[in-house]
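Student:
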Amino acid sequence: MQISLTHFSHKKGTNFWHLEWCPKYRYKMMRKLENKNLVEAAIRKAAHEHGIIIHYIAVMPDHVHALVTLPHGMTDSEAFQLLKGRSAHILFRVKEKFRLRYPKGHFWSPGGFAVTVGYNDLNSMITYIQGQAEHYGVVFT
14 MQISLTHFSH KKGTNFWHLE WCPKYRYKMM RKLENKNLVE AAIRKAAHEH GIIIHYIAVM
74 PDHVHALVTL PHGMTDSEAF QLLKGRSAHI LFRVKEKFRL RYPKGHFWSP GGFAVTVGYN
134 DLNSMITYIQ GQAEHYGVVF T
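With the working numbering applied, the sequence shown covers 14 to 154.
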């Protein structure tokens, strides 16, 4: 992966984050390939709308891993709020049957995991995210 440093008024650097979150009640909503692709597309659309760059994403049946770059001034909490909120909105509009499982309209669980990724750890994080399906032995149907 080619890393380019971002220039700000008084600094220069990168802002990589490893984000992980799961659906409410840890339901395996992304077990079907169609749902997995839909969730990934919804997350990518939400990220694009808010200036979040997704470098790698792994959608598992019951959780999501993503390596992202956040815009200058955006916190990890704001990124979670924007990604989870907008993607859930898209999912409920496209797949109305999801509302049967989540009648209150909360697709994602309230929490999440976020950690910054340094330049030296970037390759190991990419390998980790790309190897999620193999690690869990996931086969999407």
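Backbone N, C-alpha and C fix where the C-beta goes; we use that ideal spot for every residue, glycine too.
I56: buried (16+ other C-beta within 10 angstroms of its C-beta) or exposed?
Tutor: Answer is buried; the Cβ neighbour count reaches 16.
Student: Considering just the uninterrupted stretch of the beta strand (DSSP E) at F126, what are its terminal residues?
Tutor: F126 to V130
Student: Among all the DSSP beta bridges, which residues are the ones paired with Y69?
Tutor: L80
Student: Closest by CA to V152, which one among A54, T19 and P74?
Tutor: P74
Student: Under a three-way DSSP split, which group does F29 fall into?
Tutor: strand
Student: What is the C-beta distance between H119 and K37, in whole angstroms, given that I count them as a contact (C-beta under 8 Å)?
Tutor: 5 Å
Student: Nearest chain B C-beta to K110 closer than 8 Å, yes or no?
Tutor: The structure shown contains no chain B; it is built from a single protein chain.
Student: Apply the 10 Å Cβ neighbour rule to H20 and answer buried if 16 or more other Cβ atoms are within range, or exposed otherwise.
Tutor: Classified as exposed, H20 has fewer than 16 neighbouring CB atoms from the shown chains inside 10 Å of its CB.
Student: Exposed or buried, G26, counting other C-beta atoms within 10 Å across all chains shown (16 or more means buried)?
Tutor: exposed
Student: Here's the rule: buried if 16 or more other CB atoms are within 10 angstroms of the residue's CB, otherwise exposed. What is L46?
Tutor: With fewer than 16 other Cβ atoms from the protein chains shown falling within 10 Å of its own Cβ, L46 counts as exposed.
Student: Quick check on H85: buried or exposed, where buried means 16 or more other Cβ atoms within 10 Å of its Cβ?
Tutor: Exposed.
Student: In terms of alpha-carbon separation, which member of I70, Q94, Y40 and L104 lies closest to M138?
Tutor: If we check each option's Cα against that of M138, I70 comes out closest.
Student: Take H63 as the anchor and find which of F126, R44 and A92 has the nearest alpha-carbon.
Tutor: A92
Student: Can you name the residues that DSSP bridges to P36?
Tutor: Its beta-bridge partners are W121.
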